[in-house]
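J.: Quick note: the sequence shown, position 151, residue 150 per numbering that gives the first Met the number 0, numbers continuous.
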Amino acid sequence: MNAAQLRDFMRSWATGVAVVTALLDGKPVGCTVNAFTSVSLDPPLVLVSLTETSQTLTAIRDNHTFGVNILAENQHHLATHFATTPPAHRFAAVPHELTTGIPTLTDALATLTCSVADTIRVADHVLVFGRPRRHTSPAATTPAILYAGGYRALA
């Protein structure tokens, strides 16, 4: 199976959309991800997969902390923004705050701050395992959903 075939297969899997954030040299950095999941409840662990060349990954490795910001269905523009805007400009005009020293998106559906439990390099990505430290409760709205290469609404 080649990359295009795997990508085509994965389009059959609906996922949420999040922005992973961290601090790099005192400045916020972040990127859009859909490879985020809960790994364990005892102990609580989550996982995010980041490309090995990601500036966000560099920040996470430097600080051993990161944030996960789950996007709402009306925030598709933020998913696109954090996926396509040059890293130095991603936080321009995006409301955010520092939550225990970790940047979080002010208007995200829900946020989670984590300390790094472990990292594992796999091919051209790094799996980052996080210990959840603090979260915000979900807002009264529905999440952004990525399916078949586009954003969808829950029925």
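Ideal Cβ placement from N, Cα and C applies to all residues, glycine included.
Alpha helix (DSSP H) containing Thr83: first to last residue?
T.: Start at 1 with the first residue of the sequence shown, and residue 83 comes out as number 84. Thr83 -> alpha helix (DSSP H) spans His75 to Thr83.
J.: Rounding to the nearest angstrom, what Cα-Cα distance links Asn1 and Asp7 in this structure?
T.: On the sequence shown, residue 1 is found 2 positions in, with the first residue counted as 1. On the sequence shown, residue 7 is found 8 positions in, with the first residue counted as 1. Approximately 10 Å, taken between the alpha carbons.
J.: Is His80 buried or exposed, if buried means 16 or more other CB atoms sit within 10 Å of its CB?
T.: Along the sequence shown, read from residue 1 onward, the residue named residue 80 stands at position 81. Under this definition His80 is a buried residue.
J.: By the DSSP assignment, the beta strand (DSSP E) with Thr112 in it spans what residues?
T.: Taking the first residue of the sequence shown as position 1, residue 112 is located at position 113. Ala109 to Val121 is the extent of the beta strand (DSSP E) around Thr112.
J.: DSSP three-state label for Thr57, please.
T.: Position 58 of the sequence shown, counting from 1, holds the residue named residue 57. Here Thr57 sits in helix by DSSP.
J.: Any idea if Asn73 is buried or exposed, counting beta-carbon neighbours within 10 angstroms, 16 or more meaning buried?
T.: In the sequence shown, the residue the question calls residue 73 occupies position 74. Its Cβ having fewer than 16 others within 10 Å, Asn73 is exposed.
J.: Alpha carbon to alpha carbon, how far is Gly148 from Pro86? Give it in angstroms, no decimals.
T.: Along the sequence shown, one-based indexing puts residue 86 at 87. Along the sequence shown, one-based indexing puts residue 148 at 149. The alpha-carbon atoms of Pro86 and Gly148 are separated by roughly 23 Å.
J.: Around the Cβ of Thr105, are there at least 16 other Cβ atoms within 10 angstroms (buried) or fewer (exposed)?
T.: Sequence index remark: in the sequence shown, residue 105 carries index 106 (1-based). Result: exposed.
J.: Could you check which residue in Ala139, Ala13, Val125 and Cys30 has the C-alpha nearest to that of Glu51?
T.: Here residue 51 corresponds to residue number 52 of the sequence shown, with the count starting at 1. It is Val125.
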